[in-house]
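Asker: Residue numbers (full-length UniProt numbering): 1 to 181.
(1) Under 8 angstroms, with one C-beta from each stretch per pair, do the region 45–52 and the region 156–168 reach the 3-pair mark?
(2) Pop quiz: residue 174 and residue 136 are said to be a contact at Cβ under 8 angstroms. What is the actual Cβ separation, rounded to whole angstroms?
(3) Please list, in chain order, all residues of the same chain as residue 177 whose beta carbon is under 6 angstroms from its beta carbon, the five residues on each side excluded.
(4) Identify every run of the beta strand (DSSP E) within the region 74–107, keeping only runs that are complete inside it and at least 3 residues long; order them along the chain.
(5) Where does residue 44 fall in DSSP's three states?
(6) Classify residue 2 as helix, strand or coil using the three-state DSSP reduction.
(7) Which residue's Cα is closest to the Cα of residue 73: 15, 149 and 96?
(8) Give me the residue from 97, 63, 139 and 80 with the minimum Cα distance to residue 180.
(9) Identify which residue in 115, 150, 95 and 53 has its Cα closest to the Cα of residue 102.
(10) When you compare only the Cα positions, how much space is there between residue 9 and residue 66?
(11) Would you kindly check if the distance between the Cβ of residue 171 and the Cβ of residue 158 is under 8 angstroms?
(12) Does the Cβ-Cβ distance between residue 89 and residue 125 come in under 8 angstroms?
(13) Please classify residue 209 as buried or exposed, where buried requires at least 16 other C-beta atoms within 10 Å of its C-beta.
(14) I'd like to check one pair, residue 71 with residue 128: are the Cβ atoms closer than 8 angstroms?
(15) Report the three-state DSSP secondary structure of residue 157 (helix, strand or coil).
(16) Consult DSSP for residue 27 and reduce its assignment to one of helix, strand or coil.
(17) Measure from the alpha carbon of residue 69 to the alpha carbon of each residue in 94, 35, 104 and 160, then state which is nearest.
(18) Please list, in chain order, all residues of the same chain as residue 27 whose beta carbon is under 6 angstroms from its beta carbon, the five residues on each side excluded.
(19) Looking only at its chain, what residues have a beta carbon closer than 6 angstroms to the beta carbon of residue 56, apart from the 5 residues adjacent to it on each side?
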């Protein structure tokens, strides 16, 4: 670690129905359960299916590292007697004070507004003090596209990304949200 590199601890971000909190080792089981669901894995670029042993442990270790390229939060519903892990949301740091938003929601919480509330809450908190946030979704996942447009993201174009679970390149829609500047 270089001396000029700023270590930015992750704060808990409060939403109405849940909190966005940093990952902890006790999340391993529920993350494995949900991320191991083929329906979840196939809507992300990076989650393999089937989920190899040790994948979630390594993910949590990277997320807890003092110097990291991505801040990751669990969508934790315990404040209203809900489950500890309903999904994951993250900000991957980019150059020029930008981040890319990524998220997945456990299938039990699809079509409940949890994804929209998580994205909306994280954007409003803007914990990395970004000027711009980006996001992309697979074109065969219009529900995730609605999450972004409902949160004020604007469509900027098509692209494609390799999906590990599908072992294929998948067309995406890319979105942007200007926060300052």
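All C-beta atoms in this analysis are idealised placements derived from N, C-alpha and C, irrespective of residue type, glycine included.
Answerer: In this structure, then:
(1) yes
(2) For the purposes of this step, residue 174 is taken as residue 174 along the chain shown, with counting starting at 1. For the purposes of this step, residue 136 is taken as residue 136 along the chain shown, with counting starting at 1. Indeed they touch by this definition, with Cβ atoms about 5 angstroms apart.
(3) Position 177 of the chain shown, counted from the first residue, corresponds to residue 177. Within the same chain, residue 177 has close Cβ partners 133, 152 and 153.
(4) 87–94 and 98–105
(5) Here the question's residue 44 lines up with position 44 in the chain shown. Residue 44: coil per DSSP, three-state reduction.
(6) Within the chain shown, residue 2 is the residue found at index 2, counting from 1. Below a pLDDT of 50, predicted positions are generally treated as unreliable, and residue 2, at 41, falls in that range; no measurement from the model is reported.
(7) Position 73 of the chain shown, counted from the start, is the residue given in the question as residue 73. With distances taken between Cα atoms, residue 73 lies closest to 15.
(8) On the chain shown, residue 180 is found 180 positions in, with the first residue counted as 1. Residue 180 has its Cα closest to that of 97, out of 97, 63, 139 and 80.
(9) Working through the chain shown from its first residue, we reach residue 102 at position 102. Among 115, 150, 95 and 53, the Cα nearest to that of residue 102 is on 115.
(10) Here residue 9 corresponds to residue number 9 of the chain shown, with the count starting at 1. Here residue 66 corresponds to residue number 66 of the chain shown, with the count starting at 1. C-alpha separation (whole angstroms): 7 angstroms.
(11) Sequence index remark: in the chain shown, residue 158 carries index 158 (1-based). Sequence index remark: in the chain shown, residue 171 carries index 171 (1-based). Their beta carbons are under 8 angstroms apart, which means residue 158 touches residue 171 by this criterion.
(12) Residue mapping note: residue 89 aligns to position 89 of the chain shown, counting from 1. Residue mapping note: residue 125 aligns to position 125 of the chain shown, counting from 1. No, the Cβ-Cβ distance between residue 89 and residue 125 is not below 8 angstroms.
(13) The structure shown has nothing for residue 209, since the chain only spans 1 to 181.
(14) Position 128 of the chain shown, counted from the first residue, corresponds to residue 128. Position 71 of the chain shown, counted from the first residue, corresponds to residue 71. Cβ distance < 8 angstroms, so residue 128 and residue 71 count as in contact.
(15) To locate residue 157, count along the chain shown from 1; it is residue 157. Reduced to three states, the DSSP call for residue 157 is strand.
(16) Counting from 1 along the chain shown, the entry for residue 27 is found at position 27. Reduced to three states, the DSSP call for residue 27 is helix.
(17) Along the chain shown, one-based indexing puts residue 69 at 69. The option with the nearest alpha carbon to residue 69 is 94.
(18) One-based indexing of the chain shown puts residue 27 at position 27. If we look at residue 27 and ignore the five residues flanking it on each side, its Cβ neighbours are 74 and 85.
(19) On the chain shown, residue 56 is found 56 positions in, with the first residue counted as 1. For residue 56, where only same-chain residues beyond five positions count, the Cβ hits under 6 angstroms are 28, 31 and 32.
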